[in-house]
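Student: Sequential numbering from 1 applies to the sequence shown in our numbering.
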Amino acid sequence: MSDEKKFEAFHREQLNKNEEIQSETVKDRSGHKIDQADDNFLDMSQSEIKGKNQIEKKLLEQLDELVQQGATLERQEEVTELHREWLTYSWPNYTEDKHLEIINMYEADERYRDYFGEDRTQELIAAVKHVLL
């Protein structure tokens with residue numbers, strides 16, 4: 001299989017995972033169509049996907065730090081910024097209102113808690129609300 005075909009297969013696999021997590025929730029609550037987010041994801045280059053994955057790794061590390069060491073304003077700001085950067089790969093028209101809407105979905109839908117883990121999700125929700133509200 002050529003590198004291009006492998007990359008296409010990887011894109012499709014990631015897209016299927018995203019749709020499984022987001023499905024109707026994103027369409028119904030945020031006012032932003034998941035199809036556009038899907039298109040943005042499919043248009044990403046390998047380096048953009050690598051960048052998004054690196055940000056996600058940093059985000060998860062910072063969330064682990066929040067869970068283990070407790071929240072400080074500096075840590076919450078860092079987590080909020082990393083989450084914003086991570087979101088903008090799929091949602092380039094970022095607004096704080098959209099960010100808060102996504103956080104509200106994380107709170108309401110267990111699929112997000114499953115993705116990040118319960119403790120990380122709670123810290124993410126608390127951090128973003130504290131920083132943006």
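Here a beta-carbon is modelled for each residue, glycine too, at the ideal position from N, C-alpha and C.
Please report the straight-line C-alpha distance between Y106 and T88, rounded to a whole angstrom.
Tutor: Using only the alpha carbons, I get a separation of about 17 angstroms.
Student: State the Cα-Cα distance for the pair K57 and K50, rounded to the nearest angstrom.
Tutor: Looking at the two C-alpha atoms, the distance is approximately 10 angstroms.
Student: According to DSSP, is W86 helix, strand or coil?
Tutor: W86 falls in the helix class under three-state DSSP.
Student: I'd like to know whether the C-beta atoms of E123 and V67 end up nearer to each other than 8 angstroms.
Tutor: Yes, they are a contact pair.
Student: Please classify Q76 as buried or exposed, where buried requires at least 16 other C-beta atoms within 10 Å of its C-beta.
Tutor: With 16 or more other Cβ atoms within 10 Å, it is buried.
Student: Any idea if L133 is buried or exposed, counting beta-carbon neighbours within 10 angstroms, 16 or more meaning buried?
Tutor: The residue in question, L133, is exposed, as its Cβ has fewer than 16 Cβ neighbours within 10 Å.
Student: What residue from Y94, W91, A71 has the CA that sits closest to I125's CA?
Tutor: Among Y94, W91, A71, the Cα nearest to that of I125 is on A71.
Student: So, at 7 angstroms on beta carbons, what are the nonlocal neighbours of H83 in its own chain, with the 5 sequence-adjacent residues on each side left out?
Tutor: If we look at H83 and ignore the five residues flanking it on each side, its Cβ neighbours are L59, L124, V128.
Student: Candidates S47, E48, T95, E61: which alpha carbon is nearest D119's?
Tutor: It is E61.
Student: Please name the residue, chosen from S45, L63, Y94, that lies closest to Y115 on a Cα-to-Cα basis.
Tutor: Per the Cα distances, L63.
Student: Applying the 10 Å Cβ sphere with the 16-neighbour rule, what's the burial state of S90?
Tutor: Burial call: buried.
Student: Which residue wins for smallest C-alpha separation from H130, given the options Q69, E78, R113?
Tutor: Of the candidates Q69, E78, R113, the one whose C-alpha sits nearest the C-alpha of H130 is E78.
Student: Checking 8 angstroms against the spacing of the C-beta atoms, do E101 and I55 come in under that value?
Tutor: For E101 and I55, no; Cβs fall outside 8 angstroms.
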